[in-house]
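J.:
Numbering (the numbering used here), first residue to last: 63 to 244.
1) Under 8 Å, with one C-beta from each stretch per pair, do the segment 183-194 and the segment 151-169 reach the 3-pair mark?
2) Pick helix, strand or coil for residue 251, following the three-state DSSP scheme.
3) With residue 98 and residue 203 assumed to form a contact (beta carbons below 8 Å), what rounded beta-carbon distance in angstroms separates them?
4) Sorted by chain position, which residues of the same chain lie with C-beta nearer than 6 Å to residue 212's C-beta, five sequence neighbours on each side aside?
5) Rounded to the nearest angstrom, what separates residue 236 and residue 106 at their Cα positions?
6) Thinking residue 73 and residue 124 are a contact (beta carbons under 8 Å), I'd like their distance in whole angstroms, please.
7) Rounded C-beta distance between residue 15 and residue 198? I'm assuming under 8 Å.
Below you can see the structure in the form of structure tokens.
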């Protein structure tokens with residue numbers, strides 16, 4: 063029997079440290095890589111992206127096994143663990159690099175994302191319009207190595223404790239059935 067091929071989706075939900083910390087705990091997720099999506103500067107650095115002038119979104123590339131978790135479930139986690147109604151901002155992180163976005167490489171992924179966006183907008187769960195952009199992934203640049211597993215390595219640092227830990231706990235409480243068993 064042949065294994066199901068892995069799939070990839072790129073998600074921007076504000077600071078990539080937060081998004082990576084959540085998706086690293088999801089059953090069926092094989093790898094989460096922080097990086098910079100789209101934008102107009104080749105091989106940007108964190109410092110360049112932080113200026114907000116490169117056009118990139120801080121994002122994570124999520125590789126997953128669709129036999130264990132569906133794209134829709136991943137997107138439900140994504141929407142539940144950030145605010146998709148704030149343009150270019152997540153909590154204290156402000157700038158276009160912190161925008162909410164879904165970046166696809168497959169038409170099927172775009173269709174699933176578009177349908178869920180429509181459903182969520184019609185449901186009015188947030189009480190404000192959803193501003194999450196849905197675009198084709200045109201460029202991907204991995205973040206510098208020191209961003210990898212940032213929360214796991216610095217969980218007691220102020221930003222991690224105040225911002226990332228609550229998002230991880232929200233994921234655990236809301237999606238316990240999708241939590242990796244370590």
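Every residue gets a Cβ at the ideal spot worked out from N, C-alpha and C, and that includes glycine.
T.: Result, derived from the coordinates:
1) yes
2) Nothing can be reported for residue 251, as the shown portion of the chain is limited to 63 through 244.
3) The residue given as residue 98 occupies position 36 in the chain shown. The residue given as residue 203 occupies position 141 in the chain shown. 5 Å between Cβ atoms; contact.
4) Indexing the chain shown from 1 puts residue 212 at position 150. These residues qualify, in order along the chain: 79.
5) Mapped onto the chain shown, residue 236 falls at position 174. Mapped onto the chain shown, residue 106 falls at position 44. Straight-line Cα distance between these residues: approximately 35 Å.
6) Counting from one through the chain shown, the residue named residue 73 turns up at place 11. Counting from one through the chain shown, the residue named residue 124 turns up at place 62. Residue 73 to residue 124, Cβ: 6 Å. Contact.
7) The structure shown has nothing for residue 15, since the chain only spans 63 to 244.
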